[in-house]
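Enquirer: For our numbering, add 878 to where a residue sits in the sequence shown, where the first one is 1.
The beta carbon of each residue, even a glycine, is placed where N, CA and C say it ideally should be.
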Amino acid sequence: LKIARKRIDTDNDGIISIQDLKIARESGMLEQNATDDELQALLEWMDTLENAYEDGQIHFEEFRTGMILLPPSTTINDLLRHFREKGTPRARYSRNSSVNMSNSDLQF
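1. Starting from the C-beta of ASP898, find all residues in its chain whose C-beta is less than 7 angstroms away, skip the five residues before and the five after it, and write them out in chain order.
2. Where does ILE893 sit, in a helix, a strand or coil, going by DSSP?
3. Specify, as a first and last residue, the run of the alpha helix (DSSP H) that ASN911 falls within.
4. Among the candidates ASP933, THR913, ASP925, whose CA atom is the shortest distance from the CA of PHE941?
5. Answer with buried or exposed for GLU963, where buried requires no fewer than 16 other C-beta atoms within 10 angstroms of its C-beta.
6. I'd like the span of the alpha helix (DSSP H) that includes ILE954, first residue to last.
7. Starting from ALA882, trace the alpha helix (DSSP H) in both directions and tell me its first and last residue.
8. Are the beta-carbon atoms belonging to GLU928 and THR952 less than 8 angstroms from one another?
9. Between LEU908 and ILE893, what straight-line distance do the alpha-carbon atoms span, to the nearest angstrom?
10. List the residues that DSSP assigns as beta-bridge partners of ILE901.
11. What does ILE830 pair with, by DSSP beta-bridge criteria?
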């Protein structure tokens, strides 16, 4: 997970921003036909999971939580395609509860 996140963190500041996602897309590290809206959906989804900073960026903890929620061997490109075909998963974290996500939200 650290290696994958590090490849996307193009400015090496330890945080994935929307600009990092766009640069990663343009350089071929992410699916090149991913739209800006899909990249934004990815960022917003990971930034609202358990213990999220909710600051418009993806910190390692958020990235790790998001990837752990996915079926094994799922890639970020799989997640972007899922956003395109089925919409953003409905996983939301409430500080007073835990992550709630139905199995049908992330079927690949």
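Expert: Taking the definition as stated:
1. ILE886, ASP887, THR888, ASP889
2. coil
3. First-last for ASN911: undefined, no H or E at that position.
4. For the set ASP933, THR913, ASP925, the Cα lying nearest the Cα of PHE941 is the one of ASP925.
5. exposed
6. 954-964
7. Where ALA882 is concerned, the enclosing alpha helix (DSSP H) stretches over 880-886.
8. no
9. 16 angstroms
10. Answer by DSSP bridge pairing: none, since ILE901 is not bridged.
11. Since the displayed the chain opens at 879 and closes at 986, residue 830 lies outside it and no answer follows.
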